Amino acid sequence: MRGPKFLAITLLSVFLASVLLNEALCETETTVIHTTRSRSGRLIRKKTPAAAPAKASSISCDLFHGSWVYDESYPLYDSAGCPFIDPEFDCQKYGRPDKLYLKYRWQPTACALPRFDGGDFLRRWRGKKMMFVGDSISYNQWQSLLCMLHAALPDSKISVEKRDPLSTVTFLDYTVSIMYYRTPYLVDIVAESIGRVLDLDSISSGGIWLSADALIFNTWHWWVHQGAASQGWDYIQDGGKIVKDMDRLEAFLQGLTTWAKWVDSSVDTNVTKVFYQGISPTHYQGKDWGEPGANDCRKQTEPMSTGSSALYPGGPPPQQGVVNNVLSGMKKPVYLLDVTFLSQLRKDAHPSSYSGGHSATDCSHWCLAGLPDTWNQLLYAALLS
């Protein structure tokens, strides 16, 4: 007759076997076929881990370095079924003929990015407010998140209030509000007798921002605009000086430092989560992605492959260094959604000539569905952790 020791060994063996079987099944269920191109242009199909299901666990690996892989299950929603997209981002509606750009998923090098679960998002954020604060790139991301949530729960009751500067969409069944506050520079533009003054030392809208449980800040796109009509101001105030213009990178540093001081002094990060959306790149010069003959992003239909290199030919933009330096000097914790590199690879993802009838080629903003959906997946992963 076999004793207790044998029984214990048997039970342990069964347990280990079940664990191994479960892992094997998970691996089977979480692989996808994707394609890459060899240097000769030949398409190569490979298997890679698919996006992991959402779960509340800490994210220990670097989510922001990896590659774009083809995934037939993408996009996460059909733009035709989303009521929130502005014409300037609705590339398919305005004639973009290709759809391959919709089929790419971001794959971090060392782990899987959780697949977005809109129902889980709304349950976790029941009764709370999330606010995107910044320029038209923030607006791009805000509309993306609204589409992702609407696709997950298309029958959910919503209320919409679109005003300038604050727009709010509330998912009434969950009392979750997703908000956008338009402030292109984060710091104030003040009406003075001499004209509109960009005050690098002043933030007067912060009280409204503090109503949110999560804040996602962004600015840069407008700092490089030239001309009073385009840039939205006539003078810059830097400390006690008012000047007609100054080095834009230096102005950006001063303005972002003012924002950082405001966060450190005004935001209780035990109550409000603070994120900074990394620099969103543009694609107006082909030499930046190793294609000198390309004048802009038109006719680009596939992401740039990283190959064996984790570098972008054009290198990191200098404004990214400003963001990193300012955030590293802050007292309060701010989570950097470091999307610059992964977005640099997406020369194919801009509206280009399909931007709602705009005459100019848009290689600054992004098609929806498209790249901003990945930004929001990264935001979701950060919230899970």
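Take 28 as the starting number for the sequence shown in my numbering and just add one per residue. By construction, the Cβ of each residue, glycine as well, lies at the ideal position given by its N, Cα and C atoms. Predicted model only: the values in this text are computed from it and were never measured.
(message) Can you give me the C-alpha to C-alpha distance between G68 and S332, rounded to a whole angstrom?
(response) Along the sequence shown, read from residue 1 onward, the residue named residue 68 stands at position 41. Along the sequence shown, read from residue 1 onward, the residue named residue 332 stands at position 305. Per-residue confidence for G68 stands at a pLDDT of 38, beneath the threshold of 50, marking its modelled position as unreliable; the derived number appears in the next sentence. G68 and S332 have their C-alpha atoms spaced approximately 12 angstroms apart.
(message) Distance check for M357 and L70, CA to CA, integer angstroms please.
(response) Here residue 70 is taken as the residue at index 43 of the sequence shown, counted from 1. Here residue 357 is taken as the residue at index 330 of the sequence shown, counted from 1. With a pLDDT of 37 at L70, under the threshold of 50, the modelled position of that residue is not reliable, and the figure given next carries that caveat. The straight-line gap from Cα to Cα measures roughly 46 angstroms.
(message) According to DSSP, is Q281 part of a helix, a strand, or is it coil?
(response) Residue 281 sits at position 254 when you count from the first residue of the sequence shown. Taken through DSSP and simplified to helix, strand or coil, Q281 comes out as helix.
(message) Just to confirm the assignment, what range does the beta strand (DSSP E) spanning P135 have?
(response) Here residue 135 refers to the residue found at position 108 when the sequence shown is read from its first residue. Per DSSP, P135 belongs to the beta strand (DSSP E) from 131-135.
(request) Grab me the residues of I221's own chain with a C-beta within less than 8 angstroms of its C-beta, minus the 5 sequence neighbours each way, in chain order. (result) The residue you call residue 221 lines up with position 194 of the sequence shown. Within the same chain, I221 has close Cβ partners D261, Y262, I269.
(request) Using 10 angstroms around the beta-carbon of R373, count the other beta-carbons present and answer buried if the total reaches 16, otherwise exposed. (result) On the sequence shown, position 346 is the one that residue 373 refers to. Buried, by the Cβ-count rule.
(request) Evaluate E188 with the Cβ neighbour count: other Cβ atoms within 10 Å of its Cβ, from every protein chain shown; 16 or more gives buried, anything less gives exposed. (result) Working through the sequence shown from its first residue, we reach residue 188 at position 161. It is exposed - the Cβ of E188 has fewer than 16 other Cβ atoms within 10 Å.
(request) Return the residue from the list K130, R142, F159 that minimises the CA-CA distance to L90. (result) The residue labelled residue 90 in the question sits at position 63 within the sequence shown. Answer by Cα proximity: R142.
(request) Per DSSP, which residues does I230 bridge with? Please list them. (result) As a working note, residue 230 is residue 203 in the sequence shown. DSSP, once it has assigned bridges, lists no residue as partnering I230.
(message) Contact defined as beta carbons within less than 8 angstroms: I believe L227 pairs with G282. What is the distance between those atoms, to the nearest angstrom?
(response) Mapped onto the sequence shown, residue 227 falls at position 200. Mapped onto the sequence shown, residue 282 falls at position 255. Confirmed, Cβ separation roughly 5 angstroms.
(request) Would you tell me roughly how many angstroms separate the C-alpha atoms of L127 and G397, rounded to the nearest one? (result) As a working mapping, residue 127 is identified with position 100 in the sequence shown. As a working mapping, residue 397 is identified with position 370 in the sequence shown. Roughly 11 angstroms between the two C-alpha positions.
(request) Helix, strand or coil for Y97, going by three-state DSSP, please let me know. (result) Within the sequence shown, the letter at position 70 stands for residue 97. DSSP places Y97 in strand when its eight states are reduced to three.
(request) Could you give the DSSP three-state label for E329: helix, strand or coil? (result) The residue labelled residue 329 in the question sits at position 302 within the sequence shown. In the structure shown, E329 sits in coil (DSSP, three-state: anything other than H, G, I, E or B).
(request) State the start and end residues of the unbroken beta strand (DSSP E) segment that holds L363. (result) Here residue 363 corresponds to residue number 336 of the sequence shown, with the count starting at 1. From DSSP, the beta strand (DSSP E) with L363 extends over 362-364.
(message) Quick check on the burial criterion: 16 or more other C-beta atoms within 10 angstroms. Buried or exposed for R132?
(response) The sequence position of residue 132 within the sequence shown is 105, counting from 1. So R132 ends up on the buried side.
(request) For I185, name the three-state secondary structure that DSSP assigns. (result) For the purposes of this step, residue 185 is taken as the residue at position 158 of the sequence shown. The answer is strand: DSSP assigns I185 an E or B state.
(request) Excluding the 5 residues preceding and the 5 following T401 in the sequence, name in chain order all residues of the same chain whose CB lies nearer than 6 angstroms to its CB. (result) What you label residue 401 is simply residue 374 of the sequence shown in a count that begins at 1. Only W133 meet the Cβ criterion.
(message) Measuring alpha carbon to alpha carbon, tell me which residue in P102, D240, F148, R151 is nearest F159.
(response) Counting from one through the sequence shown, the residue named residue 159 turns up at place 132. If we check each option's Cα against that of F159, D240 comes out closest.
(request) Might you give, ordered along the chain, the residues of its own chain that have their beta carbon closer than 8 angstroms to the beta carbon of T367, omitting 5 neighbours on each side? (result) In the sequence shown, the residue the question calls residue 367 occupies position 340. Excluding positions up to five away in sequence, the list reads G305, I306, S307, P308, P343, P344, Q347.
(request) Taking only the alpha-carbon atoms, compute the straight-line gap between L411 and H392 and give it to the nearest angstrom. (result) Locating residue 411 in the sequence shown gives position 384, where the first residue counts as 1. Locating residue 392 in the sequence shown gives position 365, where the first residue counts as 1. Answer to the nearest angstrom: the Cα atoms are 27 angstroms apart.
(message) Please classify T299 as buried or exposed, where buried requires at least 16 neighbouring CB atoms within 10 angstroms.
(response) For this step, residue 299 is matched to residue 272 along the sequence shown. Burial call: buried.
(message) Measuring straight from C-alpha to C-alpha, what distance separates G108 and W316?
(response) As a first step, residue 108 is located in the sequence shown; it is residue number 81 there, counting from the start. As a first step, residue 316 is located in the sequence shown; it is residue number 289 there, counting from the start. Cα-Cα distance, rounded: 33 angstroms.
(message) Quick check: what's the CA-CA separation for K82 versus W95?
(response) What you label residue 82 is simply residue 55 of the sequence shown in a count that begins at 1. What you label residue 95 is simply residue 68 of the sequence shown in a count that begins at 1. Interpretation of K82 is limited by its pLDDT of 48, a score under 50 that renders its predicted location unreliable; the figure taken from the coordinates is listed afterwards. Taking the straight line from one Cα to the other gives about 23 angstroms.
(message) Please return the same chain residues whose Cβ sits closer than 8 angstroms to the Cβ of K314, not counting the five positions on each side in sequence.
(response) Locating residue 314 in the sequence shown gives position 287, where the first residue counts as 1. Here the set comprises P340, G341.
(request) Assign A137 to one of two classes, buried (16 or more other C-beta atoms within 10 Å of its C-beta) or exposed (fewer than that). (result) Here the question's residue 137 lines up with position 110 in the sequence shown. Looking at its Cβ environment, which holds fewer than 16 other Cβ atoms inside 10 Å, A137 is exposed.
(message) Please tell me whether H310 and D323 are closer than 8 angstroms, where the distance is taken between their beta carbons.
(response) Position 283 of the sequence shown holds residue 310. Position 296 of the sequence shown holds residue 323. Yes; because the gap between Cβ atoms is below 8 angstroms, this pair is in contact.
(request) Could you tell me whether the Cβ atoms of V349 and L395 are closer together than 8 angstroms? (result) Locating residue 349 in the sequence shown gives position 322, where the first residue counts as 1. Locating residue 395 in the sequence shown gives position 368, where the first residue counts as 1. Not in contact: V349 and L395 (Cβ atoms no closer than 8 angstroms).
(request) Give the DSSP-derived three-state secondary structure of V217 in the structure shown. (result) Within the sequence shown, the letter at position 190 stands for residue 217. DSSP places V217 in strand when its eight states are reduced to three.
(message) According to DSSP, simplified to helix, strand and coil, what is A408?
(response) Numbered from 1 along the sequence shown, position 381 holds the residue referred to as residue 408. Helix, per DSSP.
(message) Assuming contact is defined by CB atoms lying nearer than 8 angstroms, are G213 and W286 in contact in what I supplied?
(response) The count along the sequence shown starts at 1 and reaches residue 213 at position 186. The count along the sequence shown starts at 1 and reaches residue 286 at position 259. Note on identity: in this sequence residue 213 is Leu, with Gly being the wrong assignment. It is a contact, given that the beta carbons lie within the stated cut-off.
(message) Helix, strand or coil for M175? Go by DSSP, reduced to three states.
(response) The residue labelled residue 175 in the question sits at position 148 within the sequence shown. Of the three classes helix, strand and coil, the one that applies to M175 here is helix, per DSSP.
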